[in-house]
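Quick notes on the structure that follows.
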Amino acid sequence: MKMKWKISLLLVLLFALIIPVYTSAVETEGHTTNELEATEEVNDIEDGVEESDPIGVSPEVLLPVDPQKIDETNEYSSKALTKEKSLLTTEQKKVTAIPTGSTIATVFPDAEMASTIVTSLNTTSYSPTQQKRTWTVNDIITENDLLTISRILGNGEKLKSIEGIQYCTQVIEISFTSNSASIDKGLDNIAPLAEVVDGYPKLETLTLSFMLKLQDFSPLSQIDGGFPKLTTFTMRATSCKDNSFLTEVAGGFPQLKNLNINNSGFDDLNVLLQIENGLPNLINLNLYSNKISDTSPLVNFNELSQLEVLNLGSNLIDKLDFLKNTSGVPNLKELQLNYNSIANNALEEFPNVPAGFPKLERLGLGQNKISDITSLTKTSFLNLKNFSLDYNQITDISSLSTMQFNNSINISVSGQGVLLPNINSVATNQNFTTESIEIIDELGNNREPNSFSPTSGTYQAINSQVVWPVSTMLTGPSYPGNGYIKPYIVAHDGVTYGWNYTRSENKRALYFSGTVYQPLNYIYFPPTITADNSKEYVENETVTEAEFLTDVHATTDDGSAIDSDFETVVDKSVPGDYIVTLTSSNSIGTATPVTVTVHILPILELKVPASFRMDVDANIDAVPISDTNQTLKCYGDTGAADLKVTDRRSVKPGWTLLGLMTPFTNSSGDILESPLKYQSQTLVNGAVYLNGTSQPIEVKTASSQTGYVTTIYDLQDRLTMEILPNDALVKEAYEATITWTLEDAPR
């Protein structure tokens, strides 16, 4: 029996609905959509199908689809359908269906990625329409659940795979970043982004940052539909090998406003000119920290005139050719050119920019090679609010006074670094003097240096010189390197001086500071020793060599160690004078030796006059012979005649002073019988007549006194002699010897 083909087709479709099979359907709660919908036209004339011809569906087409083999399965299914007389055909495309019963952990096999998806599902701001907020990686997930995700923010350093992201087609933001970058770990493949069907039509923000393992960005150019709504694209700290993917994105970037490519080795601005349909809405171009050396391609970059922010900082730029763009930069509000190699001649492009900089508010030219800002001050920056010229070599800012601004402005010319030519053969054993360079402020005044390294430096205004004393130079001072100045200032022997100037007036805040580096090559000398001439110690006092060197203030001008022969030369048990020699040396040579006299003082000491005379008065004339009694007193030959007892003992038990004398005789042997009378201050009997027997004349009892205690007896008051009229005298000098003895205890 023959049937019409339409009836046969209907039976087949009914049969397919009855048989329980798996399809590549998108399964959701209470909703299933068959991907192989019969939208194709069937022509019974071309295929010659009769009513009696049975039409069936091959069961192998309806097997569960392995998400890891989506492309292979889709191709195989198409071939299977073709075997059945090609009545049903499918368009070859990527299958995005998730198998029934799949969990988050199976759809996103990377644990970190699965955790990231859970965070998105459980966070209201990441999936606003999602009802469930208790998701775990073991929960069953459907495509409809994933379609609720609007933001995916993952840790690019921890991720190993983003497989499964192709099911999140309704995202507004995708961001994979971290706080640090490592070449040994993190995401190295973004191919799953390209496995999506019909792309990411709502994606507005795409961030791929701090993933040094990631080199291939070509999957971004293979995404269905491109990036129709992308407004911000950020690629930072990656190892991108080829930026041409930007030129291969279907449809280009029609809505892109912010393009940030940083720390990724980007070096060819021509890529921007080759992007399909250009960048009609671009307002922020941030290419900070790359390898750009040639800005001339931007001369033909039509979008330059619409930019509000252009950041070319931290590149290899030494010429500003992009400023030659005939459309100018009429909308530019911020221009960052910090950390390049821009010198004075490159600044000459600024005054020639068409239409100038009518909207520019921020201009950064820090850390370049600028020493002359004249060209900049000839340019109109009426709306400028922040002007940075930090870390250059600028020493004269007087031309800033000619610039006019409509708004309050902060002008920073801080951290300038000036490296002077090296000075050779600088002696370290004398002061170092150098003439200060001219430092001119905004008002044309010369600024005096006010900071020095070493800090002992001083500025002498009378001759504009900076001086460091020999005490500083002996140490061979040096300064550290400065990695902010270009070319970098390396650490070197030498000195520095600097200035710091601020001025705030008429809505203009100005900061002007810097350092002048003076490298030096030194000539060194052997050390010079200085020390006191002498030092006293008490008999048997315990003193080490180190203590002795401290006591005599022994030093060297360069800090070299000092040696001495103190321990071998000085006998501390024997009072007397000893000569100690100090020596020192350094890598250059040996110091001139210095000697110190060490006095070892007796623990109990008596000092007496070497000689004295008995006379009627202080006149040194001879005593006249008289027929009356005469009293003679003691007079010193040169000044007073004293007996001096010094007790240096820590405990003062007392002492006894004894006296003994020989008779007075002259050269002929005549004897003068008159004795010497000593009037004692401490003995009860008072007067003591000196004779050939040693007898006490003064006694000191025990005392609680401390330190050195000295007792003095003036012999002019104590010692007398009576000359009688009947003494047989001749006109000649009479001499006698007195022996004074000091005992260490009282009698």
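Numbers -25 to -1, 1 to 722, taken from mature numbering (1 follows the signal peptide of the UniProt record, and there is no 0), label the letters of the sequence shown in order. Glycine included, C-beta positions come from ideal geometry on N, C-alpha and C.
From the DSSP output, in three-state form, read off residue i for me.
i	result
V705	coil
M378	coil
I575	strand
D217	coil
L122	coil
D596	coil
V32	Residue placement at V32 is poorly supported in this model, since its pLDDT is 30, which falls under 50; the coordinates still yield a value, given next. It is coil, neither helix nor strand.
K299	helix
V284	strand
S389	strand
P494	strand
E138	coil
T657	coil
Q230	coil
I73	coil
L128	strand
S52	The predicted position of S52 is uncertain, since its pLDDT is 32 and thus under 50; a value taken from the coordinates is nonetheless stated next. In the structure shown, S52 sits in a helix (DSSP, three-state: H, G or I).
A720	coil
S586	coil
G5	Here G5 scores only 36 on pLDDT, less than 50, and its place in the model is too uncertain to base an answer on.
L273	helix
S453	strand
S383	coil
N327	helix
R310	Looking at the sequence shown, residue 310 is not Arg but Leu. Of the three classes helix, strand and coil, the one that applies to L310 here is strand, per DSSP.
S373	helix
A166	helix
L395	coil
L279	helix
T565	strand
T104	coil
T222	helix
Name the two residues that bound the continuous beta strand (DSSP E) containing residue i.
i	result
E522	Premise fails: E522 lies in the alpha helix (DSSP H), 520 to 526, not in any beta strand (DSSP E).
D243	Careful: D243 lies outside any beta strand (DSSP E) and carries neither H nor E.
A555	Reading off the sequence, residue 555 comes out as Val, not Ala. Note, V555: beta strand (DSSP E), 551 to 559.
A402	398 to 402
S643	Neither: S643 is in no beta strand (DSSP E) and is coded neither H nor E.
S363	361 to 363
T81	That residue, T81, is in no beta strand (DSSP E); its alpha helix (DSSP H) goes 79 to 82.
G469	467 to 480
L260	259 to 261
R337	337 to 339
Using DSSP bridges, identify the partner residues of residue i.
i	result
G634	Q670, W715
N508	Note: N508 sits in no beta bridge, so no partner.
residue 729	Limits of the chain in this structure are -25 at one end and 722 at the other, which puts residue 729 out of reach.
L183	F151, M210
N425	In DSSP, N425 forms no bridge with anything.
K344	A318
M696	L607, L651
D538	T558
S678	K627
Q440	E410, Q435
I687	K619
Y499	DSSP, once it has assigned bridges, lists no residue as partnering Y499.
Could you tell me how far apart the beta carbons of residue i and residue j are, in whole angstroms, since I believe they sit closer than 8 Å?
i	j	result
I345	Q368	7 Å
A708	N604	In fact, because the Cβ distance is near 21 Å, the residues do not count as touching under 8 Å.
residue 723	K299	No answer is possible for residue 723: the residues shown for the chain start at -25 and end at 722.
L257	Q281	7 Å
S150	T109	No, S150 and T109 are not in contact; Cβ-Cβ is about 24 Å, not under 8 Å.
K699	L665	Checking the displayed sequence, the identity of residue 699 turns out to be Leu instead of Lys. Contact flag wrong, Cβ pair sits at about 18 Å.
I498	V401	7 Å
L322	L287	That belief does not hold up - the Cβ atoms of L322 and L287 are roughly 15 Å apart, past 8 Å.
G201	A169	Their Cβ separation, rounded to whole angstroms, is 11 Å, which puts G201 and A169 out of contact at 8 Å.
Grab the span of the alpha helix (DSSP H) containing residue i for me, first residue to last.
i	result
D692	690 to 693
A86	86 to 97
T433	Per DSSP, T433 belongs to no alpha helix (DSSP H); it is in the beta strand (DSSP E), 433 to 435.
S196	Counting along the chain, S196 falls outside any alpha helix (DSSP H), and DSSP gives it neither H nor E.
F541	541 to 544
V445	445 to 448
T349	349 to 352
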